[in-house]
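The C-terminal residue of the sequence shown carries number 1367 in this note's numbering, and the numbering is unbroken.
Written out below as structure tokens is the structure these notes cover.
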Amino acid sequence: MKGKEVWPAWIIGILGILGILGILGIGIVDAWAKSNNLFQERTSVNVAHFTFKKVDFTEQEYDKEIRPALEYVLGEFLNSWKEYHSSFEKAAFVHQKYAALQKQASGDPVATLIPIQHALYALSAWATSNNGIGYNLDASKLLNMGLSIEASLTTSKLLDELINTNLLLIHLLQSDPGEAQGKNQAHKMAALLKDLELKSEQLLFSLLPATVRSDYLYVWSNFFREIEQHILLNENQHLLKKKLEDFNLFWNLFYRRFAKEKLLTPDRTFAYFARIDERWNYIIKVIIE
């Protein structure tokens, strides 16, 4: 998009790195961010930071044009991951389920205890079935799919933690604390759902090759996660207006890196990126014109 260039890309790169570390905190995702030289990778592509004179849209524009386009952009990004690993689609399904349940619990946790319990039962039964994620992400199967020993063990461990936390939450919801303890139970449920959502996110990254993991982490933390968690699930339209320029920069850094530096990625994966870029530019056009 056309605009006024105001910040050097290397400054934005540093801010982006700090954002990654701050958003995802400690644990395996943080370890990946530290172990990869993100500073050198990010600054190898020079992308301008554009400012837009007008950033606004109506409710009708958001409902009919912007929101469907954002859903498409997020869906295409998640679809791009499955080109790296055959089980990614199942992992993405689990992540989106937990993200939606967390959103559901944030409204009226006490009222949602029973429907969330039923959803957790269904997830647990599916995950441990022959068709579910537990069977497909067994450590021995992961090795046969090309993951390293370390990555296979990490993924298997994350999956075990996910299933165990899910069972822990089911057990919590099975008890009848009475009306006096209902709010306390709902609070514990919300905390465990947040833990499940984060674990499912880490599981997604564990399935990516090391050559692209830090790049996906970068654009997920600064762009797609914001769209999923805050704009789509929480209907925070103001955030889209406020951070449109930053979102545009983060996406362009990622897209240009794959387009210009020819990273080792399946051709079909880049086709997803091209469609995302086209739709993202359409979103910007709707907002700024």
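We treat Cβ as the ideally placed atom computed from N, Cα and C, and that holds for glycine.
Using alpha carbons as the reference points, say which of the options lies closest to residue i.
i	options	result
M1267	A1352, K1142, A1183 and H1173	A1183
D1273	N1157, N1262, L1245 and V1151	L1245
Y1333	L1311, K1321, N1359 and E1313	N1359
N1314	K1131, Y1140 and F1171	Y1140
A1169	Q1138, V1133, F1135 and L1236	L1236
G1153	T1190, I1362, L1251 and F1302	F1302
I1361	F1336, K1319 and L1271	K1319
Q1307	D1324, R1291, Y1162 and Y1176	Y1176
K1181	S1299, E1275 and N1330	E1275
L1295	K1363, I1309 and W1329	W1329
R1335	Q1252, F1348 and Q1138	F1348
I1305	T1136, F1155 and F1135	F1155
I1241	S1158, D1134 and A1203	A1203
N1312	S1158, G1185, K1363 and Y1199	G1185
L1283	L1247, D1355, S1253 and S1234	In the sequence as presented, Leu is not what sits at residue 1283; that position holds Phe. The shortest C-alpha separation from F1283 is found at S1234.
V1151	W1298, E1161 and E1323	W1298
T1136	D1324, K1321, N1157 and H1316	H1316
Under three-state DSSP, which class holds residue i?
i	result
S1253	coil
H1265	helix
F1135	coil
Q1174	helix
N1314	coil
L1271	helix
L1389	Because the chain is modelled from 1079 through 1367, residue 1389 falls outside the range shown and cannot be assessed.
A1189	coil
S1292	helix
T1347	helix
E1367	coil
S1207	coil
I1362	helix
Mark residue i as exposed unless 16 or more other C-beta atoms lie within 10 angstroms of its C-beta, in which case mark it buried.
i	result
D1293	buried
R1346	exposed
H1249	exposed
S1230	buried
H1196	exposed
K1132	exposed
Q1280	buried
I1227	exposed
A1269	exposed
H1265	exposed
N1326	buried
T1289	exposed
T1232	buried
E1367	exposed
Y1350	buried
S1207	exposed
K1277	buried
H1163	buried
I1192	exposed
N1300	buried
K1363	exposed
Next item on the list: Go through the region 1138 to 1170 residue by residue and report every complete run of the alpha helix (DSSP H) that reaches 4 residues or more, in order.
Entry: 1145 to 1159
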